[in-house]
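The next block holds one structure in the form of structure tokens; read it before the comments.
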Amino acid sequence: MYAFEFVKPSSLEEAVKALASEGAQPYAGGQTLIPTLKARLNAPEVLVSLTGIAELKGVCRDGDALVIGAATPHAEVARAAAKDYPGIAALAGQIGDPAVRNRGTIGGSVANNDPSACYPAGVLGSGGTIVTNQREIAADDFFEGMFATALEEGEIITSVRLPIPEKSAYAKFLQPASRFALAAAFVAKYADGVRVAITGASEDGVFRWAEAEAALSKDFSPEALADLTLPADGMIGDLHGTPAYRAHLAKVMTQRAVRDAG
Amino acid sequence: MPMDGGIGASTKRREDIRFLTGNGRYTDDINLRGQAYVHFLRSDVAHGRIKGIDTNAAEAMPGVIRIFTSKDFESAGGLPCGWQVTDLHGQPMQEPKHPVLADGKVRHVGDPICGVVAETLEQARDAAEAIVVDIEELPPVVDMRAALEDGSVKVHDDLTSNLCYEWGFVEENRQAVNEAFEKAAHVVSCDLINNRLCANPMEARVAIGDYDPWNEQHTLYTTSQNPHVIRLLMGAFVLGIPEHKLRVVAPDVGGGFGSKIYHYAEEAFCTYAAKVLRQPVKWTSTRSEAFLSDAHARDHISKIELALDVEHNFLAIRSTTLANMGAYLSTFAPSIPTWLHGTLMAGPYKTPLVYVNVKAIFTNTVAVDAYRGAGRPEATFQLERVIDKAARELDVDPVELRRKNFIKPDQFPYQTPVALEYDSGNFHATMDKMLEIADYANLDKRVEESRKKGKLRGFGISQYIEACGIAPSNLVGQLGARAGLYETATVRVNATGSISVLTGCHSHGQGHETSFPQIVADMIGIDASQIDLVHGDTANTPMGMGTYGSRSIAVGGSALVKATGKIIDKARKIAAHLLEAAPEDIELKDGKFSVAGTDRSVDWAEVTLAAYVPHNYPLESMEPGLEETAFYDPNNFTFPSGCYGCEVEVDPETGKVEVVAFSAADDFGVVINPMIVEGQVHGGLAQGIGQALTESCVYDENGQLLSGSFMDYTMPRADDLPVFRIDNSCATACTHNPLGAKGCGEAGAIGSPPAVVNAVIDALQRAGHSHVAHIDMPLTPARVWSAMQK
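Line by line, the protein sequences give chains A and B.
According to the working numbering, the first sequence is numbered sequentially starting from 1.
According to the working numbering, the second sequence is numbered sequentially starting from 263.
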């Protein structure tokens, strides 16, 4: 790890100011950032911690939506969202291990947009809104491919707003070593239709499976997907699975999520 | 009933209190005054010629003390190989030099080029980034088959090829074996890969060199399974330091599994640099470095063939293997695919003819050496896979096919056609016991229940025998070992009767601090809490060969029995003097010496006190004191054996394998501490199941390690494993050591991989996937799913 300055502002305003300095990087739960620093793959001059800002923390119900503060750790979401939005609570409760869940935050996960992370599927599958210190961004516009998002330099996610579906579930098949998603599906049924988001599988990161959404909107059952296949083209191929295997798994996980959503 | 705390008692492990409360003292916990830190600049290419190394900028950086390159080690020897294999033409293997720091060429990703010593580790790392190494990249040799092709690039320019040796065993039987295959009613064959593994002990390697110029005394603190072996190899062959000027300390060590047997470059570096710099030098491996510098394991490509007659008697076995040595010969590497592999190819079966051919090959990968089981898992995997395949092809019960060909209980001692003489065993009994605890009789019912849930259930059997208790020195000397493999024990009785046991073995998870005292407690009849084990420091333990090859109890424990026997003999004479009786009339029971047939006795402590305060003592005929040393050299290997049964459920939609039950019936002979033995089996099974289902070191075609972290290298975890069903009741004692013990450390890792693979194949076959005859390990979900699709 290279040497860096560390600041922990207590207000959003201070954080924005700190991030404006040369070589500054935001630091939320650090579950990706810290290993990267330890491997000397990243050399920030200033790390600006976002975990000391009270307004970025907490889970609350806002009408038909659940609002999760960006610096809320996964374990807190798993606990606090269980009643209002059990699907997203269950997703949060199976990210990583207990240490990861007590440090990692939803804002950090969404901003990093790891192609195998869980939260991007939950947020995209919920048709959520990413609220920043500058604007609101629809999830459909936010995730721009592997590790790429619509966030601008210096922009800080403050919260994530998720419309609460009638039914939802997350089905994840674990990459055996990292226990990230080898392929996972988040399925949410709303009054106006079903959304399906797939993570872990595509070289473009999280994506919506439009054909599955259409089929499930007509018939919300695993069988409704029987004749669909996801093309292997553009899926990730690595030590742990070929593109064809991931495409297949994405379908199986979607079916299981539908089954689990009931 | 075992004596409380004696042999056969499941005494809780006394060392666990400090381990589990975080109070162990590991090498990295040691910090010496004025210590500097070394960071190794390692090659990031698999193969290349070093054209130049510019350290000027780096040397000027803050905190840098000195940067070492191969020039600094010109007078040092290479890291020695401890075993010379003779090839099938009677010629010695090709043995390249393994320099401490890369000299002229880099030969694998991770090969150390410079050692940067600085006041802090971060300064050393910063400076390493400022070193400019000019490397002309060469095409890497990664694939073993390609490495043998004519005109292949050579890993070592000064060798004639990438072939270390071709070994034939028994070469004289080759023709007879071939003829048996020609005449056989049935021939079954299987092409197998024994996947490359990285041991990954919880504690990564650490080395600290220290030097006292006023006494010309070197000390190396290191994470080793065998400090005396390191002292011998490094002192005599690399740095030229006589033993009395070199102390090697291996304190608490957090797991070894073989990977900490070997003498590594970092140990020699720190020892040498400490002398040059007149200050201690410390190196602590990161996990990433461990993947690139710890010896890897297994990595065999094999063809196994079995010839049977019309009645399904085994006629002959033919095994052909390509064994990866990596870029350099690690300490015991050449012996693994040969003497620890070929000699086991008869297994527990009475196959009359066996021929094993092994080509050991250099590649631009990390060196490969022993890992829990070492050669024996590879042999067992071949045998138990091909027998399973034979049962399927011949449409016979895999249990019956094995049983029919077992060596029978009344045939021991049994001379195999591959040199070993098995002293004892009962394969029928362990198989019956395994089938009983696995509830094999009701398997079909469970298969049906699984099918209703949409899961494919299958059962796999593996019957293993292994050779451990390593090893008779004169025999291994004939086979090329450059060391003896005896073990030592000193029993130092103190004046008040407490005892320090000094051993050349080393405990790094095996629980010796508990089990060794149990032996002495049992023999003398005193409480085990009066006995402590001292190990891990060449300054205060007798020269021993360390811990590997399931040898500690069988060989080290036997030395301890001998030494304790000498103590008892002498104590008996002292007691006889005190009791004014003849020594032959003195009985020892429960720590009390008494005159047979009388009520006259003296306690253990009275005798020991007399030995050290010899006021009333036969000084004219006996020396005072009570301390004895014994060396024990076994006259045969020991042969643990057993039968394993694995039951799996396969998810047909994802290919994921779940081990739902695992049953192990082992014959370890006499067991000192059944609880510790069960724990050893658990650990071995976890690693064997890990090899079968999850673990794999993967290099790409450029020689880059793709599985270089725990993000991609899958260690088995608790939730990958079932609650094991373990049984040790079918014990047949070892006939040639005083304990009757055979050793238990490696069995789980040796016997389990084929059981797992056989179970998965069985599950798929039962579900109608009749085209799936084999899947290479690890049986990841992706591989199993893919196999089902064809």
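Cβ coordinates follow ideal geometry from the N, Cα and C atoms, glycine included.
Starting from residue i, trace the alpha helix (DSSP H) both ways and give me its first and last residue.
i	result
residue 532(B)	527–539
residue 245(B)	This structure cannot settle anything about residue 245(B), because the visible part of chain B is limited to 263 through 1052.
residue 642(B)	638–656
residue 894(B)	Element bounds for residue 894(B): not the alpha helix (DSSP H) but the beta strand (DSSP E), 889–894.
residue 693(B)	689–699
residue 577(B)	Note, residue 577(B): premise wrong, no alpha helix (DSSP H); beta strand (DSSP E) at 576–588.
residue 555(B)	549–555
In the DSSP assignment, find the unbroken beta strand (DSSP E) run with residue i in it and report its ends.
i	result
residue 129(A)	129–132
residue 726(B)	718–727
residue 874(B)	Taken as a continuous stretch (DSSP letters only), residue 874(B) belongs to no beta strand (DSSP E), being part of the alpha helix (DSSP H) at 866–874.
residue 776(B)	No beta strand (DSSP E) contains residue 776(B), which is instead part of the alpha helix (DSSP H) from 774–786.
residue 456(B)	448–456
residue 189(A)	181–190
Does residue i come within less than 8 angstroms of chain A when only Cβ atoms are used?
i	result
residue 1044(B)	yes
residue 969(B)	yes
residue 975(B)	yes
residue 546(B)	no
residue 302(B)	no
residue 915(B)	yes
residue 972(B)	yes
residue 956(B)	yes
residue 345(B)	no
residue 1022(B)	no
In whole angstroms, give me the CA-to-CA distance for residue i and residue j.
i	j	result
residue 146(A)	residue 250(A)	17 angstroms
residue 358(B)	residue 529(B)	20 angstroms
residue 217(A)	residue 195(A)	8 angstroms
residue 925(B)	residue 1015(B)	13 angstroms
residue 78(A)	residue 988(B)	38 angstroms
residue 738(B)	residue 747(B)	8 angstroms
residue 332(B)	residue 318(B)	16 angstroms
residue 488(B)	residue 503(B)	18 angstroms
residue 672(B)	residue 688(B)	9 angstroms
residue 762(B)	residue 464(B)	29 angstroms
residue 696(B)	residue 668(B)	15 angstroms
residue 123(A)	residue 769(B)	51 angstroms
Thinking C-beta only, is residue j closer than 8 angstroms to residue i?
i	j	result
residue 996(B)	residue 928(B)	no
residue 177(A)	residue 201(A)	no
residue 902(B)	residue 728(B)	yes
residue 120(A)	residue 199(A)	yes
residue 1003(B)	residue 921(B)	no
residue 1026(B)	residue 955(B)	no
residue 72(A)	residue 57(A)	yes
residue 914(B)	residue 1050(B)	yes
residue 532(B)	residue 470(B)	yes
residue 326(B)	residue 271(B)	no
residue 547(B)	residue 522(B)	no
residue 47(A)	residue 27(A)	yes
Would you mind working out which of the options sits nearest residue i, comparing C-alpha positions?
i	options	result
residue 306(B)	551(B), 479(B), 446(B) and 385(B)	551(B)
residue 404(B)	378(B), 369(B) and 385(B)	369(B)
residue 563(B)	619(B), 288(B), 267(B) and 1022(B)	619(B)
residue 578(B)	611(B), 556(B), 757(B) and 299(B)	611(B)
residue 221(A)	244(A), 247(A), 239(A) and 254(A)	254(A)
residue 241(A)	11(A), 173(A) and 215(A)	173(A)
residue 653(B)	971(B), 751(B), 431(B) and 448(B)	448(B)
residue 634(B)	696(B), 675(B), 674(B) and 461(B)	461(B)
residue 571(B)	592(B), 459(B) and 450(B)	450(B)
residue 830(B)	890(B), 802(B) and 536(B)	890(B)
residue 421(B)	355(B), 434(B) and 682(B)	355(B)
Tell me whether residue i, by its Cβ, gets closer than 7 angstroms to a heavy atom of the ligand HEM.
i	result
residue 407(B)	The model on display carries no ligand, and the ligand HEM is accordingly not part of it.
Please decide whether residue i counts as near chain B, where near means a Cβ-Cβ distance under 8 angstroms.
i	result
residue 230(A)	no
residue 105(A)	no
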